Amino acid sequence: MYLDYKFKLKFSGNYIDYYKNNPVNFNKDKISKVEVSYVSNYTEIIVSTKKIYAFVYDVEDNLVTVTVDAPKNIYDKIVVLDAGHGGKDPGATNGKYYEKNINFAILKLSVDKYFNSNSSDIKVYMTRYDDTFITLADRAAFASKVGADMFISLHMNSSTSSSPTGTEVYYYSNNKATMSGMNSKTLATVLCNNLSKVMGTQNRGAKSNAYYVVKNNTVPAVLIELGFMSNSTDLSKIT
């Protein structure tokens, strides 16, 4: 819901009457509206914010206190995952397979499996969480909007020939480095080496290119071409 400038709190049970008598107090500089409803045995509180904010909450003596602040003031590390294409832009296609859907499915699965777990200290934001068209400018600007440490865009490759195969990762050399010294080239190299090894694809290497989302970014940024949809072996691996 963060792309809509909202977040939701859910409590088991019906507390509608309680909140009618005890309205939620909130900071009007950051929050525009708070709505309380009862849905499927849960009390839901939907908080509408004036821009993308992160939140943490604390419960003490049955009192819930929510702290709303800029993401970088809440989380230790922030990564933006960008599922390439979307909406009216399908990307590469091969029969029933659309690049936009593969990109999204892989990243959404990764977020749900690794980053939404209680053990993760990394906050991940996706530039889209459904089949929506987003401009390249908005994708690149999103990293700055959430105070990200790095930006990773996922794509699938294609060719007019079925022969080309493998994984390659693109970077633009002028991106800033993180506090630890990680820059776009290093990030691209690490990802390409590890992804090709795990996927069992040909390592086509890390390459410099002025793709919009990596060139016009404020943090270390890479664009992954995970495999060729036009190659049957690659396609079976990426799907």
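The opening residue of the sequence shown carries number -17 in my numbering; numbering runs sequentially from there. All C-beta atoms, glycine included, are put in the ideal place defined by N, C-alpha and C. Everything numeric in this text was worked out from a predicted model, so none of it was measured.
| Check | Outcome |
| --- | --- |
| Residues near Pro146 by beta carbon distance below 6 Å, same chain, minus five either side | Phe210 |
| Distance between beta carbons of Ser166 and Val196, contact taken as under 8 Å | 7 Å |
| Close beta carbons around Phe8, own chain, < 7 Å, minus the five adjacent residues each side | Val16 |
| Secondary structure of Lys59, DSSP reduced to three states | strand |
| Coarse secondary structure for Ile220, derived from DSSP in three states | helix |
| Three-state class that DSSP yields for Lys33 in the structure shown | coil |
| Inter-residue spacing [alpha-carbon to alpha-carbon] between Asn213 and Leu45 | 57 Å |
| Where Met164 sits in the DSSP three-state scheme | coil |
| At least three beta-carbon pairs within less than 8 Å, the stretch 111 to 127 to the stretch 178 to 189 | no |
| The stretch 23 to 31 contacting the stretch 69 to 85, beta-carbon criterion three pairs below 8 Å | no |
| Where Thr171 sits in the DSSP three-state scheme | helix |
| Continuous alpha helix (DSSP H) stretch holding Tyr152: start and end | Where Tyr152 is concerned, there is no enclosing alpha helix (DSSP H), although the beta strand (DSSP E) it sits in stretches over 149 to 153. |
| Proximity of Ala36 and Asp51 at Cβ, strictly below 8 Å | yes |
| Meets three-Cβ-pair contact criterion under 8 Å: the stretch 86 to 104 and the stretch 141 to 159 | no |
| Short Cβ contact (8 Å threshold) for Val201 with Met132 | yes |
| Member of Pro72, Ile88, Leu208 whose CA lies at the smallest distance from the CA of Ala170 | Leu208 |
| Those residues which DSSP pairs with Tyr79 across a bridge | Asn76 |
| Sheet register partners of Phe210 (DSSP bridge) | Asn139 |
| Straight-line Cα distance separating Val61 from Ile104 | 7 Å |
| Residue of Leu136, Lys10, Ser22 minimising C-alpha distance to Thr68 | According to the sequence provided, residue 68 is Gly. The question's Thr does not apply to it. The candidate whose alpha carbon is nearest that of Gly68 is Leu136. |
| Sequence-distant residues of the same chain with beta carbon closer than 6 Å to Tyr(-16), five excluded per side | Ile34 |
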